[in-house]
Structures are given as structure tokens and as C-alpha cells.
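Student:
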Amino acid sequence: MKKDIRIKINSSNPSSILLKLNYKGISVYNVKETKDGLEMIIHQDDLKKIKRLFLLYKVDYIEEIGLYRVKNNIKKHSLFLVGCIFAILIFFILSNIIVKIEVIDEDSTIRSIVLSALEEKGIKRLSFKKSYQEYEKIIEEIKDEYKDKIEWLEINVEGMILQVRIEKRIIKEEETTSSPCHIVANKSGVIMMISTKKGVSLVNIQDVVKKGDILISGDITLNDEVKKSTCASGEVYAEVWYQIKAELPLTEQISHDTGKMRYNFMIEKNNQKTVLLKSRIKNDKRVENKKLFNIFGYSFYLQKEYEIKKNTITYKEDEITKKAISLIEDKVKLNNHEFEEIISEKVLQKEIKNNKLYIELFMAVKEQIGVKEFHT
Amino acid sequence: MQIRDNLKNFLYDQEYYIDLYQDYIHLYDYEKLVSLSSTSIEIKFKSFLLKVKGQNLRIKNMDKKEMLIKGLIEEMRLYR
Numbered sequence: 001m002k003k004d005i006r007i008k009i010n011s012s013n014p015s016s017i018l019l020k021l022n023y024k025g026i027s028v029y030n031v032k033e034t035k036d037g038l039e040m041i042i043h044q045d046d047l048k049k050i051k052r053l054f055l056l057y058k059v060d061y062i063e064e065i066g067l068y069r070v071k072n073n074i075k076k077h078s079l080f081l082v083g084c085i086f087a088i089l090i091f092f093i094l095s096n097i098i099v100k101i102e103v104i105d106e107d108s109t110i111r112s113i114v115l116s117a118l119e120e121k122g123i124k125r126l127s128f129k130k131s132y133q134e135y136e137k138i139i140e141e142i143k144d145e146y147k148d149k150i151e152w153l154e155i156n157v158e159g160m161i162l163q164v165r166i167e168k169r170i171i172k173e174e175e176t177t178s179s180p181c182h183i184v185a186n187k188s189g190v191i192m193m194i195s196t197k198k199g200v201s202l203v204n205i206q207d208v209v210k211k212g213d214i215l216i217s218g219d220i221t222l223n224d225e226v227k228k229s230t231c232a233s234g235e236v237y238a239e240v241w242y243q244i245k246a247e248l249p250l251t252e253q254i255s256h257d258t259g260k261m262r263y264n265f266m267i268e269k270n271n272q273k274t275v276l277l278k279s280r281i282k283n284d285k286r287v288e289n290k291k292l293f294n295i296f297g298y299s300f301y302l303q304k305e306y307e308i309k310k311n312t313i314t315y316k317e318d319e320i321t322k323k324a325i326s327l328i329e330d331k332v333k334l335n336n337h338e339f340e341e342i343i344s345e346k347v348l349q350k351e352i353k354n355n356k357l358y359i360e361l362f363m364a365v366k367e368q369i370g371v372k373e374f375h376t
Numbered sequence: 001m002q003i004r005d006n007l008k009n010f011l012y013d014q015e016y017y018i019d020l021y022q023d024y025i026h027l028y029d030y031e032k033l034v035s036l037s038s039t040s041i042e043i044k045f046k047s048f049l050l051k052v053k054g055q056n057l058r059i060k061n062m063d064k065k066e067m068l069i070k071g072l073i074e075e076m077r078l079y080r
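Chains as they are written, first to last, in my numbering: chain A, 1 to 376; chain B, 1 to 80.
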């Protein structure tokens with residue numbers, strides 16, 4: 001790129017200057033006539049030629065033009081500019097940092113619980129502020145985690161201070177315990193163990209009970225007359241049966257890291273993710289994101305891209321059967337049947353068809369079946 | 001052949017052209033500036049001489065191939 005400069009040639013006859021310049025093939029731009037000559041922009045390389053050409057005239061260099069001028073100005077005021085950029089950076093960083101976390105509640109236990117929960121979620125002193133959506137998510141997570149202690153939670157960011165307001169959950173235990181209730185079976189089964197804390201046990205071990213049967217009564221009777229009604233409490237374990245069908249493919253795709261890892265950067269705003277650099281992992285990959293900082297709702301992430309290799313595994317019949325049984329056991333647990341132990345299990349039906357295993361399993365488990373049922 | 005010539009002309013920009021605006025003349029592919037005053041400018045092209053007459057005429061930009069003249073243009077004449 002040619003460097004342009006502004007010069008002034010002092011002369012009483014500007015026409016002759018332009019004619020000479022044209023004759024010599026020198027390019028001139030933005031020519032302006034002044035009272036004592038001509039002002040123009042030329043390429044810096046032509047300055048020597050012009051000085052040689054107009055030996056009798058006064059040729060003054062005025063200033064540099066264009067990008068070079070900007071570059072020189074930046075160079076000249078570099079210290080000031082660096083200072084400004086640094087100040088802006090400091091301002092942005094400080095305005096996005098939390099210097100104090102105030103948990104507003106009288107109960108010090110709740111305060112420490114909330115503070116430690118916030119720290120677990122990445123909200124601590126001298127950490128970057130998060131977006132509104134992230135705070136909302138954290139509030140929901142804390143409320144879920146401490147649902148027996150916290151009724152309501154609010155996070156307010158005022159300047160560099162984060163304020164957390166809490167409404168404690170008050171459990172009205174007295175009301176529930178004073179209301180009369182029975183322990184009833186929530187499913188059918190054979191009684192294995194009874195532990196009565198309050199009330200009268202109406203069933204014995206080895207008794208077959210149906211769903212809805214009263215196991216421990218809250219009514220205390222004398223000569224078939226109800227003398228007092230209380231809320232029965234206790235645990236009743238029974239053998240409960242499940243018959244579950246499942247199907248599982250004989251082949252499974254498993255991926256593992258090859259050891260190749262490349263870094264990348266990502267910006268996220270309103271759940272829209274933009275990867276800054278072109279990915280250098282050409283094959284299959286898995287990505288791990290590490291949040292760097294958050295400014296004006298933009299979240300900056302450091303991305304680790306791991307190259308992975310996918311392998312297809314084909315299971316043998318006994319292997320896939322074991323896997324299916326384990327999956328069924330997990331499924332029973334996931335469906336909130338929190339059984340204590342598996343008493344027995346038996347495969348009722350098993351078939352391999354279309355590269356899939358179809359299995360039907362019978363399970364007998366020891367499970368707590370007693371639940372409170374209030375009555376008037 | 002005309003298409004070829006037009007294309008060649010478009011791509012190589014070898015032919016001269018003179019653009020006249022409200023108070024500007026833009027010349028391309030001139031050979032030489034012959035004379036210059038505030039009322040008259042003479043420019044030599046390959047096959048003719050262009051005389052521009054007007055008031056307060058002055059050269060704004062000028063390089064080897066192009067020239068931009070500013071002023072109140074009253075007359076343009078070609079001498080072949």
C-alpha cells in the first residue's frame with residue numbers, strides 16, 4: 001500500500017505546476033488552490049521527484065493521510081489508548097463481578113445452607129455475574145434440593161452485591177399427626193415384616209394383602225368400641241411381584257476417545273450457540289464446555305473437542321440376557337418401586353428375533369407397601 | 001465480433017471515455033494536459049484534442065490515465 005501525504009507548493013502560477021506534474025506523470029489528488037499556491041495529496045514516493053522538479057519553489061510537507069496517519073496517531077497516543085482500553089476492561093470486569101453475597105434471613109442455618117448451595121452452583125464472592133436465565137435455573141435447583149426447608153427464593157443483583165431473599169418452609173407436622181390415619185397397603189403382596197410404632201397391627205406375617213387393605217389401624221378399640229383415633233405409623237414390608245417385558249438390540253454402538261483434543265471457543269446468547277473457530281476435529285467428536293465469563297448476557301466458553309471412535313459391539317445371548325435383567329431391575333427402581341431386595345427372579349419368556357432380544361421377567365421383591373391414609 | 005470487442009473494451013478498459021456531470025468532467029485514458037487556465041483547459045487524447053471552456057475551472061484529481069476537472073462547464077469541443 002502506497003503512503004499518501006499532503007503537501008503545499010508555494011507558487012503564484014498554479015497552472016504551470018499542474019502542467020509540469022502532468023508532464024512528469026505524477027498523480028495528484030484533492031487539489032486545492034490557496035492564496036499562495038496549491039495544496040494536494042501525493043504518494044510519498046513522488047515527493048523527491050516534486051522537490052527536484054520545483055527547485056525554485058517552496059515545497060512544504062503538511063501531514064500524512066489515510067491509514068498511515070491513523071497508525072501514526074495510534075503510535076503517538078499508544079499509552080493513552082492502552083490506558084483507556086485497560087480502564088474499559090477493568091470497568092467491564094468490575095461491573096460484572098460479585099463482591100458480596102447477602103443472604104437475607106434470620107436463621108443462620110438456612111443462610112449457610114443457601115450460601116453453600118450457591119457456591120456449589122458457581123455463585124461465590126469475586127465470581128462473574130450470571131444471566132437472568134441462569135439465576136432462575138439455579139433458584140429452581142436450590143428449591144428442589146431443599147424443598148423441605150425453602151419455600152421461596154429470590155436473587156437480586158444490585159451493582160456488585162448479590163442479594164438472596166428466602167422464605168422458609170414451615171411444615172405443619174402437628175396437623176398431620178393429630179389427624180387420624182391408618183397405614184394401608186399401596187399394592188398387593190405377602191407380608192414379610194411389620195414394625196408398628198403407633199396403632200394396632202391388623203395383619204400377620206405370611207398374610208396375603210390386597211391394595212387398599214388396612215395394615216395398621218389408627219383406631220384403638222376396646223370391646224369392639226373405638227375408644228381413641230390416632231394416626232398410625234410404622235413400616236410394613238411385603239413380597240411384591242412384578243412381571244415385566246423388555247426388548248433390547250443385540251448390537252450396540254460404543255464410542256471411546258482417541259486421545260486427540262483441540263481447543264475452540266463458543267459464545268452463547270439466549271440459548272443460541274456460536275462456535276468462533278472452525279473445528280479441527282474432522283471425524284466424530286464429543287465436546288466439553290467450560291464457562292470463562294459472562295458479559296452483557298453473552299457467555300464465553302472454552303470448548304474442548306475430543307475425537308472419538310465408534311465401535312459396534314454384538315452381544316452373545318447370555319450377555320444380552322444379563323444386560324436386559326439388569327435394565328429391568330433399574331427400570332423397576334426408576335418407577336419409584338424402592339424395593340429393599342430382590343427375593344427371586346425368573347425369565348418367563350425369551351426370544352431372539354430381528355437382531356433383538358425379547359424378554360419377559362418375573363420378579364419377587366421385598367418392598368415397603370404401607371402408606372398413610374387419613375380419615376375423619 | 002462486436003461482442004468480443006465490447007467484452008475486450010469492458011475487461012481491458014482501453015478505450016477513452018469522457019463523463020460529464022453537473023460541475024465535473026471525468027476523463028479517462030487521456031494522453032497529455034496541454035494547457036490550463038481558470039476558463040479553458042486543453043487535453044490531448046490519442047485521436048483528438050478536447051477543449052473545455054467554462055468558469056472557475058480547476059483540476060481536482062489527476063493521474064497518468066484519469067483526470068477530474070471541476071468548475072462551471074460551458075463548452076466542450078473535440079478537434080480531430
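No residue lacks a Cβ here, since even glycine has one placed at the ideal position from N, Cα and C.
Is it true that the CB of B:K46 sits closer than 8 Å to the CB of B:Y17?
Tutor: Their beta carbons are not under 8 Å apart, which means B:Y17 does not touch B:K46 by this criterion.
Student: Classify A:C181: buried if its beta carbon has 16 or more other beta carbons within 10 angstroms, exposed otherwise.
Tutor: Flag for A:C181 reads buried.
Student: Comparing C-alpha positions only, which one of B:N56, B:N61, B:K60 and B:D29 sits nearest to B:L50?
Tutor: Nearest of B:N56, B:N61, B:K60 and B:D29 to B:L50, Cα basis: B:D29.
Student: Scan the region 42-66 of chain B for residues whose Cβ lies nearer than 7 Å to a Cβ of chain A and list them as they occur along the chain.
Tutor: Hits within the stretch, in order: R58, I59, K60, N61, M62, D63 and K64.
Student: Beta carbon of A:Y242, beta carbon of A:V347: below 8 Å?
Tutor: No, the pair does not count as a contact, with Cβ atoms beyond the cut-off.
Student: Grab the span of the alpha helix (DSSP H) containing A:A238 for me, first residue to last.
Tutor: Taken as a continuous stretch (DSSP letters only), A:A238 belongs to no alpha helix (DSSP H), being part of the beta strand (DSSP E) at S233 to P249.
Student: Around the C-beta of A:E305, are 16 or more other C-beta atoms found within 10 angstroms, so that it is buried, or is it exposed?
Tutor: Its Cβ being crowded by 16 or more others within 10 Å, A:E305 is buried.
Student: Put A:Q206 into one of helix, strand or coil per three-state DSSP.
Tutor: Coil.
Student: At which residues does the alpha helix (DSSP H) containing B:N56 begin and terminate?
Tutor: First-last for B:N56: L49 to M62, but that is the beta strand (DSSP E), not the alpha helix (DSSP H).
Student: Quick check on the DSSP output: the alpha helix (DSSP H) that includes A:V82 runs from which residue to which?
Tutor: S78 to S95 is the extent of the alpha helix (DSSP H) around A:V82.
Student: Taking Cβ-Cβ distances shorter than 7 Å, what residues in chain A pair up with B:L36?
Tutor: What B:L36 touches in chain A: S15, L18 and L19.
Student: Looking at the unbroken beta strand (DSSP E) that takes in A:N227, where does it start and where does it end?
Tutor: Looking at the sequence provided, one finds Lys at residue 227 of chain A rather than Asn. Start and end: E225 to S229.
Student: Apart from the five residues on each side of it in sequence, which residues of its chain come closer than 8 Å, Cβ to Cβ, to A:I308?
Tutor: Closer than 8 Å at Cβ, skipping near neighbours: S255, H256, D257, T258, N283, D284, K285 and R286.
Student: Taking 8 Å as the CB-CB cut-off, is A:E31 touching chain B?
Tutor: Note on identity: in this sequence residue 31 of chain A is Val, with Glu being the wrong assignment. So, interface residue.
Student: Would the beta-carbon of A:D144 fall within 8 Å of that of A:R169?
Tutor: No, the Cβ-Cβ distance between A:D144 and A:R169 is not below 8 Å.
Student: Counting only beta-carbon atoms, is B:L78 nearer than 8 Å to chain A?
Tutor: Chain A, which has no Cβ nearer than 8 Å to the Cβ of B:L78, makes this no.
Student: Do the region 1-10 of chain A and the region 39-57 of chain A make contact, defined as three or more Cβ pairs closer than 8 Å?
Tutor: The region 1-10 of chain A, when compared against the region 39-57 of chain A, does touch it at the 8 Å Cβ threshold.
Student: Counting contacts by CB-CB distance shorter than 8 Å, is A:N72 in contact with chain B?
Tutor: It does not: the Cβ of A:N72 has no partner Cβ on chain B nearer than 8 Å.
Student: What's the call for A:E175, buried or exposed, on a 16-neighbour Cβ count within 10 Å?
Tutor: Interpretation of A:E175 is limited by its pLDDT of 48, a score under 50 that renders its predicted location unreliable; no figure is taken from the coordinates.
Student: Between A:V184 and A:L215, which are expected to be in contact by the criterion C-beta below 8 Å, what is the C-beta distance as a whole number of angstroms?
Tutor: Sure, about 6 Å apart at Cβ, within 8 Å.
Student: Tell me the DSSP secondary structure of A:E341 in three-state form.
Tutor: DSSP places A:E341 in strand when its eight states are reduced to three.
Student: Among B:E75, B:K65 and B:Q2, which residue has its Cα nearest to the Cα of B:K44?
Tutor: Per the Cα distances, B:K65.
Student: Quick one: Cα of A:M160 to Cα of A:R125, how far?
Tutor: Their backbone Cα atoms lie some 10 Å apart in a straight line.
Student: Drop a sphere of 10 angstroms on the beta-carbon of A:R280, count the other beta-carbons inside from all chains shown, and report buried for 16 or more, exposed for fewer.
Tutor: A:R280 should be labelled exposed.
Student: Under a Cβ-count criterion, where at least 16 other Cβ atoms within 10 Å of its own Cβ denotes burial, should A:P249 be classed as buried or exposed?
Tutor: A:P249 comes out exposed.
Student: Since B:L33 meets chain A, which of its residues come closer than 8 Å, beta carbon to beta carbon?
Tutor: Those within 8 Å of B:L33 in chain A are L18, L19, N22 and Y23.
Student: Rounding to the nearest angstrom, what Cα-Cα distance links A:Y23 and B:I59 in this structure?
Tutor: Distance between the alpha carbons of A:Y23 and B:I59 is about 14 Å.
Student: Identify each residue in the region 260-288 of chain A for which the Cβ-Cβ distance to at least one residue of chain B is less than 9 Å, and report them in chain order.
Tutor: Against chain B - using a Cβ distance shorter than 9 Å - the region 260-288 of chain A contributes no residues.
Student: Expressed to the nearest angstrom, what Euclidean distance is found between the alpha-carbon atoms of A:V5 and A:K71?
Tutor: Per the sequence shown, residue 5 of chain A should be read as Ile rather than Val. A:I5 and A:K71: Cα-Cα distance of roughly 14 Å.
Student: Residues of the region 56-87 of chain A in Cβ contact with chain B at a cutoff of 8 Å, in chain order, please.
Tutor: Those residues of the region 56-87 of chain A that come within reach of chain B (Cβ to Cβ, closer than 8 Å) do not exist; the list is empty.
Student: Can you say whether A:S299 is buried or exposed, counting buried as having 16 or more other CB atoms within 10 angstroms of its CB?
Tutor: Classification of A:S299: buried, given that the 10 Å Cβ count is 16 or more.
Student: Based on the DSSP secondary-structure assignment, which residues constitute the bridge partners of A:L18?
Tutor: Answer by DSSP bridge pairing: none, since A:L18 is not bridged.
Student: Inspect the CB distances between the region 188-202 of chain A and the region 213-233 of chain A and report whether three or more fall short of 8 Å.
Tutor: The region 188-202 of chain A is in contact with the region 213-233 of chain A.
Student: So, with DSSP's three-state summary, where would you put A:E329?
Tutor: Of the three classes helix, strand and coil, the one that applies to A:E329 here is helix, per DSSP.
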